[in-house]
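A quick write-up on the structure given underneath.
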Amino acid sequence: MNTDYLKEALKLETERLKIFAAYFAGIIAVLGNVAARGEFTIYYQIISYTSLFLIIFIGILLFKTSLKCSNFLNLLKKETE
């Protein structure tokens, strides 16, 4: 078995987990902001919509990275069989 494949798989999995952690940190930050502020000013709406956009963007990155990682791991499984 080639260790370069395993190193690449580990790197992709680590990247996926970092994005996953950032995604949930963003959700918690937005929910905490909503709970703490409780007021609906223009400033608050700009911040909350920007945070929502960032959460959606990070979610898309997470999905793309997960697909890339699963495709690579499937290729690795076929290669080692």
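Every number in our numbering is 13 more than the matching position in the sequence shown, counting from 1. Virtual Cβ for every residue (Gly too), placed ideally from N, Cα, C. This one's a predicted model, so the numbers in the text were calculated from it and none came from an experiment.
Span separating the alpha-carbon of residue i from that of residue j
i	j	result
L75	F33	6 Å
K81	F66	23 Å
K20	K90	14 Å
For residue i, the nearest candidate out of the options (CA to CA)
i	options	result
I40	L89, K24, L86, I71	I71
R29	N46, S79, L88, A42	S79
Closer than 7 Å: residue i CB and nearest the ligand GTP heavy atom
i	result
T63	In terms of ligand content, the structure shown is empty, and the ligand GTP therefore cannot be addressed.
Sequence-distant residues of the same chain with beta carbon closer than 7 Å to residue i, five excluded per side
i	result
I69	none
Same chain only: Cβ atoms within 8 Å of residue i, ignoring 5 sequence neighbours per side
i	result
Y36	I68, I71, G72, L75
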